[in-house]
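Below is one structure, written out as structure tokens; comments come after it.
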Amino acid sequence: MFCSKSQIISKAIGNQLQIKQSTVSCAESCTGGWISKIFTDTIGSSMWFECGFVTYSYKAKQKILGINYKLLQEYGAVSEIIVSEMALKAQCKSGSSYSIAVSGIAGPSGSNLNNPIGTVWFGFATPEKKVLTYHHKFNGNRNIIRSQSVYWALQIFYNEFLLN
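Numbering (UniProt numbering), first residue to last: 1 to 164.
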């Protein structure tokens, strides 16, 4: 269900990005490249999708994106500041107009008092280099949380950043 809806939104995102002559990149953690896959499943995505970074571990976030390790230790990967950094670094490294970043806890382990299973942070970098963040708590098993996160990220990006 979410996959087909996500694919429909991906096509709409591609159309809007082409109209705006813009591109998008992704920095994904809990979604594991799923947003990038949805984008590359879309015919013609090479015209508007720059690249995707799958940075699941602290080490990958540090080495691939250049996230400060002290920030990771202080705030944790599932935090507003880290998802903001992920969005900005993905945008900078790829040269894309926009970027989408996702970091969360899909479970069944990894939760704590501040971040229960289903907690996901989203960051969206704009062409003006501003980052807007969103926080959402999803319910369900690991796969449901991840698929809902993908759909939610695409929906927010399309409605809040491309249609306005």
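Where is the CB? At the ideal position from N, CA and C, for every residue including glycine.
For the options N159, K37, Q16, the alpha carbon positioned closest to that of C26 is the one of K37.
Straight through space, the alpha carbons of G104 and N114 are spaced by roughly 12 Å. In the DSSP assignment, the residues bridged to S99 are S25, A125. Looking at the backbone, the Cα of K11 and that of I117 are separated by about 30 Å. Note on the UniProt domain "CinA C-terminal" (9–158): whole alpha helix (DSSP H) runs with a minimum of 4 residues are 34–41, 69–75, 80–94, 142–156, in chain order. In this structure, the alpha-carbon of S79 lies about 24 Å from that of S6. By the criterion of a C-beta distance shorter than 7 Å, F138 is surrounded in its chain by G118, V120, I145, Q148, S149, once the five residues flanking it on both sides are discounted. For S45 and I64, the gap between their C-alpha atoms comes out near 23 Å. Under the three-state reduction of DSSP, L163 is assigned to coil, being neither helix nor strand.
Measuring C-alpha to C-alpha distances from G110 to each of Q18, N15, C30, H136 identifies C30 as the nearest. Straight across, the Cα-Cα distance linking S96 with K70 is about 27 Å. Contact check between the stretch 124–136 and the stretch 44–61: fewer than three CB pairs, one atom from each, fall below 8 Å, which does not count as touching. Going by C-alpha positions, N159 is about 16 Å away from H136. For a cut-off of 8 Å, the C-beta gap from T133 to V102 is around 11 Å, too long to register as a contact. Listed in chain order, the non-local C-beta contacts of F39 below 7 Å within the same chain comprise S10, S45, F49, local neighbours out to five positions each way being set aside.
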